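See below for the structure under consideration.
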Amino acid sequence: MTIRRAYADAVDFFVNTVQQTPDGGWDCPALGVWTVRDLAGHACRSLTLIGEYAAHPASQADIHSPAEYFKNALDGPPVHDSIAQRGKEAGLALGDDPVGWVRDAADGVLALLEGMEDEAVLGLPLGGIRLADYLPTRTFELTVHTLDLAEASNLKVQPPVQAMSQTLHILADLALLRGHGPAAALALTGRHSLPAGFSLVG
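The opening position of the sequence shown corresponds to residue 0 in numbering that gives the first Met the number 0, with each subsequent residue numbered one higher.
Rendered as structure tokens:
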């Protein structure tokens with residue numbers, strides 16, 4: 000399993016699912032306060048942010064794994080309201096041809112990655128992170144939110160194996176970092192149920 004292959008598969012999964020959005024379905028409820036359009040716009044940031052952060056490289060890596068990235072983001076000041084607002088703004092930015100916008104963004108990021116080294120250090124608000132550690136976080140976001148989109152539009156989809164595997168590995172690592180390893184292991188083996196509303200990323 001390669002990091003780049005998993006990301007490319009997640010991008011294709013996202014694009015193919017967006018293309019199946021029913022006519023009139025863009026304004027339907029999707030996730031939390033987001034419509035399908037908002038959610039697609041938010042997920043699109045996993046295509047566009049790579050270029051934005053690559054344009055401002057950091058001198059050193061401060062974050063050393065995908066799970067550490069998520070832990071640092073979750074342990075910082077509350078950002079749910081700002082994420083929700085950025086999602087709505089990103090949804091509006093899709094314009095009158097959201098499918099075309101998504102396709103163009105996907106083509107753009109895949110072309111960009113061809114010229115980037117795994118060791119390139121991107122400058123994020125949270126600190127520097129190598130491309131090889133940041134890309135799996137985008138695979139995670141695309142995989143999970145594409146499943147959200149499919150559910151909102153009542154589509155039957157099958158996520159790509161490598162992207163899904165990488166997503167589950169990140170969740171396992173994050174469970175350990177956040178002190179939920181035993182609870183997750185017992186729940187996934189049928190010993191106990193997780194509390195209502197439990198989330199590793201909430």
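C-beta atoms are modelled at their ideal positions from N, C-alpha and C, and glycine is treated no differently.
Quick caveat: nothing in here was measured; it's all calculated off a predicted structure.
Note to self: Please report the straight-line C-alpha distance between P159 and L167, rounded to a whole angstrom.
What the structure shows: In this structure, the CA atom of P159 is about 12 Å from the CA atom of L167.
Next item on the list: Report the residue from E150, D132, V120, A110 whose alpha carbon sits nearest the alpha carbon of L46.
Entry: Looking at the Cα atoms, A110 is the closest of the given residues.
Note to self: Given this structure, state the Cα-to-Cα distance separating G55 from G122, to the nearest angstrom.
What the structure shows: Note on residue identity: the sequence assigns His, not Gly, to residue 55. Cα to Cα, the separation comes out at about 5 Å.
Note to self: For D74, count the other beta carbons within 10 Å of its own beta carbon; 16 or more makes it buried, fewer makes it exposed. Which is it?
What the structure shows: Classified as exposed, D74 has fewer than 16 neighbouring CB atoms from the shown chains inside 10 Å of its CB.
Notebook entry, point to check: Contact between the segment 61-69 and the segment 140-150: three or more CB pairs below 8 Å?
Noted result: By the Cβ rule, the segment 61-69 does not count as touching the segment 140-150, because fewer than three pairs are nearer than 8 Å.
Margin query: Mapping the DSSP letters down to three states, classify W100 as helix, strand or coil.
Written below: When secondary structure is reduced to three states using DSSP, W100 falls in the helix class.
Margin query: Can you list, in chain order, the residues of its chain with a C-beta nearer than 7 Å to that of D106? Leave out the 5 residues immediately preceding and following it.
Written below: Nothing listed; no residue qualifies.
Next item on the list: Would you identify the three-state DSSP class for G23, choosing helix, strand or coil?
Entry: When secondary structure is reduced to three states using DSSP, G23 falls in the coil class, being assigned neither helix nor strand.
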